[in-house]
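Colleague: Heads up: the sequence shown runs through residues -17 to 247, numbered per the working numbering. A virtual CB, placed ideally from N, CA and C, is assigned to each residue, including glycine. Fair warning: this is a prediction, and the values are worked out from it, not measured in the lab. Can you keep this structure in mind? I'll have questions shortly.
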Amino acid sequence: MTEPTPAPDGWGARARIGVVVPHADVGPESELQALAPRDVVVHGSRVHFGAMRAGGEMDPKIPHAPVRAFVEPPHVDTAVELLAAAPLDAIALGFTSSAYVLGPAGEKELYNRLRGYTRGLPITGTTKAAVAGFDALGARRVAIVNPPWFDDELSGLGADYFAEFGFEVVQHGPCGLPSNQKLITPEALTDWIRTTVAEAEPDAVLVAGNGIRAVGVIDELERDCGFAVLTANQVLLWHALHLADAAHLASEITSYGRLFTVSPS
């Protein structure tokens, strides 16, 4: 009599990544798990985001005060501490706009504070990962496609953020799509980048904002436009896997852009 083979049950994970997300946003976890190779598991922790309502609804333009409040103590600190209590390999912040508001210096202070709650686990975030991704790809001329719920001032702060790291931001702005997560389709995002961003001839484009549906268009845009395409959740997983000493797992991702062919310096 042969021994029964148990069905997969999720316990044989090769890596576990924790992600902190806004309380009503399913985008980061959805895209991270879609990107992840087999047996790489994503675990979420939620923090209240004052610009989001039940069902994931937001105002057409989000105010800046809740963006800053998202990363102020104690709630994000608690979320990180609770994630770090689990047997994870790395932690990621699935939230872009707070780094724009804080700027590089304020963001550095944020990570220094949060490291006190991580039990030594590496921690990254969207903009930190994007900087590492641009550098790894050798991209200096970059375009930033921000979600439609970012206003012009917030988009400008994002351009300033990347300029402080020495990148030439050749195009940036809120994309001209409906300011509603459920109405942003891969086809509409692809058309916007082809018609509005490609003419700036960047080395790479970042689709910022972890709540914008984006990872499904990466390969097609890279083939058609010639530049590297980074998205908020793509760079988050790429950087988290490398920080978790799981570069071999990152290299298994073959359908979501050339980013997964390079390593952070």
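(1) Kindly indicate which three-state DSSP category N128 falls into: helix, strand or coil?
(2) Confirm, please, whether the CB-CB distance from V83 to V49 is below 9 angstroms.
(3) I166 to D206, Cα distance in whole Å?
(4) Is G(-6) helix, strand or coil by DSSP?
(5) Let me make sure I understand the geometry here. Which of A51, K164, V24, R20 has the alpha-carbon closest to that of H30?
(6) How would you call D134, buried or exposed, if buried means at least 16 neighbouring beta carbons within 10 angstroms?
(7) With a cut-off of 8 angstroms on the beta carbons, I'd call L179 and F147 a contact; round off their distance for me.
(8) Cβ of V217 within 8 angstroms of any heavy atom in the ligand ADP?
(9) Check the C-beta distance from D185 over to S237 and give it rounded, since I have them as a contact under 8 angstroms.
(10) Could you give the DSSP three-state label for G155: helix, strand or coil?
(11) Determine the burial state of T78: buried for a count of at least 16 other Cβ atoms within 10 Å of its Cβ, exposed for fewer.
(12) Once you ignore the five residues that flank M40 on each side, which residues in its own chain have a CB closer than 7 angstroms to its CB?
(13) Which same chain residues end up closer than 6 angstroms to L223 when comparing Cβ atoms and leaving out the 5 residues on each side of it in sequence?
(14) Would you say P(-14) and G193 are within 9 angstroms of each other, going by their C-beta atoms?
(15) Give, in chain order, every unbroken run of the beta strand (DSSP E) that is at least 3 residues long and sits entirely within the region 54 to 88.
(16) Alpha carbons only, please: which of V127, T106, G0 is nearest the one belonging to V24?
(17) If V199 sits next to P168, beta carbons under 8 angstroms apart, how far is it from one beta carbon to the other, in whole angstroms?
(18) Considering Cα atoms alone, identify which of G(-8), D173, G37 is closest to R20.
(19) Do L70 and R(-4) have their CB atoms nearer than 9 angstroms?
(20) Does DSSP classify L103 as helix, strand or coil?
Modeller: In short:
(1) Locating residue 128 in the sequence shown gives position 146, counting from the first residue. The answer is strand: DSSP assigns N128 an E or B state.
(2) Against the sequence shown, residue 49 aligns to sequence position 67. Against the sequence shown, residue 83 aligns to sequence position 101. In contact: V49 and V83 (Cβ atoms closer than 9 angstroms).
(3) As a first step, residue 166 must be located in the sequence shown, where it is residue number 184. As a first step, residue 206 must be located in the sequence shown, where it is residue number 224. Cα to Cα, I166 sits roughly 20 angstroms from D206.
(4) As a working mapping, residue -6 is identified with position 12 in the sequence shown. DSSP places G(-6) in coil when its eight states are reduced to three.
(5) Translated into the one-based positions of the sequence shown, residue 30 becomes position 48. Comparing Cα-Cα distances from H30 to each of A51, K164, V24, R20, the minimum goes to A51.
(6) Here residue 134 corresponds to residue number 152 of the sequence shown, with the count starting at 1. That one is exposed.
(7) Looking up residue 179 in the sequence shown gives position 197. Looking up residue 147 in the sequence shown gives position 165. The question names Leu, yet the displayed sequence has Val at residue 179. Not confirmed; about 20 angstroms, so no contact.
(8) This structure lacks the ligand ADP, and indeed carries no ligand of any kind.
(9) As a first step, residue 185 is located in the sequence shown; it is residue number 203 there, counting from the start. As a first step, residue 237 is located in the sequence shown; it is residue number 255 there, counting from the start. So it is not a contact: roughly 22 angstroms between Cβ atoms.
(10) What you label residue 155 is simply residue 173 of the sequence shown in a count that begins at 1. Three-state result, G155: strand.
(11) Within the sequence shown, the letter at position 96 stands for residue 78. T78 should be labelled buried.
(12) Working through the sequence shown from its first residue, we reach residue 40 at position 58. A33, M34, W131.
(13) Locating residue 223 in the sequence shown gives position 241, where the first residue counts as 1. Excluding sequence neighbours, L223 sits near L231, A232.
(14) As a first step, residue -14 is located in the sequence shown; it is residue number 4 there, counting from the start. As a first step, residue 193 is located in the sequence shown; it is residue number 211 there, counting from the start. No, the pair does not count as a contact, with Cβ atoms beyond the cut-off.
(15) 72 to 75
(16) One-based indexing of the sequence shown puts residue 24 at position 42. Closest option to V24, Cα to Cα, is G0.
(17) Sequence index remark: in the sequence shown, residue 199 carries index 217 (1-based). Sequence index remark: in the sequence shown, residue 168 carries index 186 (1-based). The pair is a contact, with the Cβ atoms about 5 angstroms apart (cut-off 8 angstroms).
(18) On the sequence shown, residue 20 is found 38 positions in, with the first residue counted as 1. That would be G(-8), whose Cα lies nearest to the Cα of R20.
(19) In the sequence shown, counting from the first residue as 1, residue 70 sits at position 88. In the sequence shown, counting from the first residue as 1, residue -4 sits at position 14. No, these two residues do not count as a Cβ contact at 9 angstroms.
(20) To locate residue 103, count along the sequence shown from 1; it is residue 121. Correct three-state label for L103: coil.
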